[in-house]
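Quick note, the sequences are listed as chains D and X, same order. First residue of the first sequence? That's 34 in the numbering used here, and the numbers climb one at a time after it. First residue of the second sequence? That's 2 in the numbering used here, and the numbers climb one at a time after it. For every residue, glycine included, the Cβ atom is placed at its ideal position computed from N, Cα and C. Worksheet: one structure, shown below.
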Amino acid sequence: MYLNYLASISRYIPELLLVVLMVGLILIETTYAEDDKNKRYIFITACVGLVVTFVSLVINLSGKSEAVFSNSIIIDPFSTVMKMIMVLGTLAAYYLSTFSKEIYETLKTEFIIMAVGILIGGMILASANNMLMIYIGIETLSIISYVMASLKKNDERSSEAGLKYALYGGISSGIMLFGMSHMFGVLGTIQFTGMAANIAKLNHTQILIMMPSFVLFFAGIGYKIAAVPFHMWSPDVYEGSPTPVTTFFAIVPKLAGISALVRVTMIFFETQSPLRVGWIGLMMVIAALTMTVGNVSAIGQKSVKRMLAYSSISHAGIMIAGLTMINEIGIRAIVFYAIIYVFMTLVAFYITSIMQDKYGNDHFERFQGLIYRYPFMAIVMSIVMFSLTGLPPLAGFVAKWNIINALLSAKFYTLAIVLVLNSVVSAYYYLKIVRLMTLKQPESHETIEEFSFINQFIIVAMTAPVIILGIFWESIMAFAGSAKIFIP
Amino acid sequence: MAADIFLTILTVVFALMVVFSKKTVVSAFALLMTLLSLAMIFFQLGTVFLSAVQVLINAGAIAILFVFVMMLINLEQFPNNREKSKVKLVISTFTMLVVLGVFALVINNNIETLSVVNLTDNSMKALFDKLFNAYFLPFEMATVLLLAAIVACIVITTHEKHENEEELQILKTEEKL
Numbered sequence: 034m035y036l037n038y039l040a041s042i043s044r045y046i047p048e049l050l051l052v053v054l055m056v057g058l059i060l061i062e063t064t065y066a067e068d069d070k071n072k073r074y075i076f077i078t079a080c081v082g083l084v085v086t087f088v089s090l091v092i093n094l095s096g097k098s099e100a101v102f103s104n105s106i107i108i109d110p111f112s113t114v115m116k117m118i119m120v121l122g123t124l125a126a127y128y129l130s131t132f133s134k135e136i137y138e139t140l141k142t143e144f145i146i147m148a149v150g151i152l153i154g155g156m157i158l159a160s161a162n163n164m165l166m167i168y169i170g171i172e173t174l175s176i177i178s179y180v181m182a183s184l185k186k187n188d189e190r191s192s193e194a195g196l197k198y199a200l201y202g203g204i205s206s207g208i209m210l211f212g213m214s215h216m217f218g219v220l221g222t223i224q225f226t227g228m229a230a231n232i233a234k235l236n237h238t239q240i241l242i243m244m245p246s247f248v249l250f251f252a253g254i255g256y257k258i259a260a261v262p263f264h265m266w267s268p269d270v271y272e273g274s275p276t277p278v279t280t281f282f283a284i285v286p287k288l289a290g291i292s293a294l295v296r297v298t299m300i301f302f303e304t305q306s307p308l309r310v311g312w313i314g315l316m317m318v319i320a321a322l323t324m325t326v327g328n329v330s331a332i333g334q335k336s337v338k339r340m341l342a343y344s345s346i347s348h349a350g351i352m353i354a355g356l357t358m359i360n361e362i363g364i365r366a367i368v369f370y371a372i373i374y375v376f377m378t379l380v381a382f383y384i385t386s387i388m389q390d391k392y393g394n395d396h397f398e399r400f401q402g403l404i405y406r407y408p409f410m411a412i413v414m415s416i417v418m419f420s421l422t423g424l425p426p427l428a429g430f431v432a433k434w435n436i437i438n439a440l441l442s443a444k445f446y447t448l449a450i451v452l453v454l455n456s457v458v459s460a461y462y463y464l465k466i467v468r469l470m471t472l473k474q475p476e477s478h479e480t481i482e483e484f485s486f487i488n489q490f491i492i493v494a495m496t497a498p499v500i501i502l503g504i505f506w507e508s509i510m511a512f513a514g515s516a517k518i519f520i521p
Numbered sequence: 002m003a004a005d006i007f008l009t010i011l012t013v014v015f016a017l018m019v020v021f022s023k024k025t026v027v028s029a030f031a032l033l034m035t036l037l038s039l040a041m042i043f044f045q046l047g048t049v050f051l052s053a054v055q056v057l058i059n060a061g062a063i064a065i066l067f068v069f070v071m072m073l074i075n076l077e078q079f080p081n082n083r084e085k086s087k088v089k090l091v092i093s094t095f096t097m098l099v100v101l102g103v104f105a106l107v108i109n110n111n112i113e114t115l116s117v118v119n120l121t122d123n124s125m126k127a128l129f130d131k132l133f134n135a136y137f138l139p140f141e142m143a144t145v146l147l148l149a150a151i152v153a154c155i156v157i158t159t160h161e162k163h164e165n166e167e168e169l170q171i172l173k174t175e176e177k178l
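This is the structure we're talking about:
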């Protein structure tokens, strides 16, 4: 009976590697003088650590799905694929932070230490199988995020972002805990499988009592994804935080929240019950609202970063729309969307960060006539914007088409129409950047500092999947299809 | 039994000191002693875990926090408003009545159960069996969260001198040019 967790550790190596990486980075940081600018070993350790984590996740992918640590964690292909995407996002955000001027030189190490901490939280959330793990995952994600949002300490908006994030986060975790305690009171266990089994035994009135507690439970996760009733923090936090932090926030917490939501939905609502009907209705309303509010609010924005924040809200809405049919086609569409979303978001934020470093702000006017001044940047940005809009032959189109396809196969025509209309709305503000970059004359003919070769290479490497996966998407689609949810 | 009575008297004396002491620091110290002797009563009753938690959280954290707050703010500047008024008299009489009523209820009904003490307390063992088996991972992950939170605390509280100095230097060189 004792020490039965030793057997579980062999399936939990990626997370343990990250913990070791975090401690190691703290130790290496202490060997440097306070004003040392060139912390080379930190960079090497962080990159190697994240890559090794990625490799161990790939190794984990081939193992059989199982529940470890007394059913509190599930290791299955779905969670592993989501974790791989999150590790990639962290690596890219960290690389961006090393040359961004928005992160203070003295805080660059702290950035990666906290990012690894958040990544651990995201991984817990992605494979959580009981309510306690979900809560610990969300708190690990949130508490460190509050500090990361206010990393630019001399900047008022950054501090404001941190405070707003903390207030919203505290309240929504409280609401979620209330919902969880309600569920525990009715069902008598915190294990998801036991709860699902107990839900099946409830009678009609008891199920009616359960409905509000699921809505409260959704508040905590919905806040992490920035789904619409809980999205108010997102634009302010995204705009106020330094751009590498925003890049990180747009990927890791969001995808972690989505994967937790997918697991909860698949475990509780796969069987037919009145709760399932209520949950599908809730998800449809939330998806439609999230898409619409995100897109409509993005139109009037002046700052590109804020625009991208609203657009990431709408992308979360599209991913939630893939959840409404509660079957494997929908999960496959969500995983595929997540893979494409990461690449598109990363490139868009990289370019925005470089513009921000150059001019001190990231308003739309700064992009005017970019094609005459630095064609490489303008072309890459245009590709990504077309892809975010969802125009063929780029990957964004395939991802969106998949979700629509899944919606149509479940006969959810209204939501599909809302999604298509939203794509049209989003075309307005995405293509506005393309128009400014190509058709307007530049503000000045001052040349922009060239990228180093390695930076160009990295940006091209992140843009290439957006083009290639738009045409040759079958293998990635099969990969996403193999990411199945395991229910013990 | 003698130990019980002694501890009870000790608790009540310290509790009265909290209220009647003129000096705030003495009050805080008396509060600490009240909580500690309450923990000893819990220990005497056999609830080891409750006693440990009482020492750790109530005495260790909260009372010390009171003392720290007193050290940080200068209490001399606040006037000592302990004048007598009718409202206070009414409230204190009411409180005394409620306390006496509860006391009377306890004596009337449960005096036997109070004397039966469960000395074979398994609560600690049961708790840690759960903690290191079923809830092992959440427990360990909470430590990871705390470690990352310590780094976050350091980040948010240190002052950024270097950036300002750099900016000033840039401004100075621009002025020279």
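In terms of CA proximity to residue 289/D, 175/D leads the group 383/D, 49/D, 175/D. Straight through space, the alpha carbons of residue 118/D and residue 296/D are spaced by roughly 17 Å. Per the coordinates, the alpha-carbon of residue 24/X lies some 31 Å from the alpha-carbon of residue 102/X. Secondary structure of residue 264/D (DSSP, three-state): coil.
In its chain, beyond the 5 residues on either side, 35 have a beta carbon closer than 6 Å to the beta carbon of residue 16/X. Under the Cβ criterion of 8 Å, residue 189/D is not counted among the residues facing chain X. Taken through DSSP and simplified to helix, strand or coil, residue 107/D comes out as strand.
Across the set 372/D, 40/D, 486/D, the C-alpha of 372/D shows the shortest separation from the C-alpha of residue 508/D. Following the DSSP letters along the chain, one finds residue 507/D inside the alpha helix (DSSP H) bounded by residues 507-515. The beta carbon of residue 125/X sits no closer than 8 Å to any beta carbon of chain D. Between residue 94/D and residue 101/D, the alpha-carbon positions lie close to 15 Å from each other. If you look at residue 101/D, you'll find it in the beta strand (DSSP E) that goes 99-101. In this structure, the alpha-carbon of residue 60/D lies about 20 Å from that of residue 123/D.
Closest option to residue 156/D, judged by alpha-carbon separation, among 293/D, 424/D, 440/D: 293/D. Within chain X, no residue has its beta carbon less than 7 Å from that of residue 193/D; the closest one is some 14 Å off.
Within a 10 Å sphere around the beta-carbon of residue 341/D sit 16 or more other beta-carbons, which makes this residue buried. Contacts with chain X (Cβ-Cβ distance below 8 Å) from the stretch 89-119 of chain D involve 102, 103, 105, 106, listed in chain order. With a threshold of 8 Å between beta carbons, residue 150/D makes contact with chain X. In the DSSP assignment, residue 163/D is bridged to 224/D. Judged by beta-carbon spacing, residue 424/D lies beyond the 8 Å limit of residue 354/D, meaning their Cβ atoms are not closer than that value. Within the stretch 65-152 of chain D, the alpha helix (DSSP H) runs of at least 4 residues that lie entirely inside it are, in chain order, 73-95, 110-132. For residue 140/D, the C-beta contacts it makes with chain X under 7 Å involve 156, in order along the chain.
The DSSP-derived three-state label of residue 43/D is coil. Cβ proximity to chain X below 8 Å picks out 52, 55, 56, 59 from the stretch 49-62 of chain D. Interface residue (Cβ-Cβ distance to chain X less than 8 Å): residue 183/D is classified as such. Here DSSP, grouped into helix, strand and coil, assigns residue 183/D to coil. Following the DSSP letters along the chain, one finds residue 339/D inside the alpha helix (DSSP H) bounded by residues 337-354.
With contacts defined as CB atoms closer than 8 Å, residue 152/X and residue 146/D qualify as a contacting pair. 82/D is the residue among 112/D, 82/D, 442/D whose C-alpha sits nearest the C-alpha of residue 127/D.
With fewer than 16 other Cβ atoms inside 10 Å of its own Cβ, residue 485/D counts as exposed. When the Cα atoms are used, residue 469/D and residue 170/D turn out to be separated by approximately 42 Å. For residue 135/D, not one C-beta of chain X is nearer than 8 Å to its own C-beta.
Within the stretch 16-100 of chain X, the complete alpha helix (DSSP H) segments of 4 residues or longer fall at 25-45, 49-54, 65-73, listed in chain order. Here the stretch 244-256 of chain D does not lie against the stretch 329-348 of chain D, with fewer than 3 beta-carbon pairs under 8 Å apart. Under the DSSP assignment, residue 305/D falls outside any alpha helix (DSSP H); it carries neither an H nor an E label. Comparing C-alpha distances from residue 67/D to each of 46/D, 111/D, 137/D shows the shortest one belongs to 137/D.
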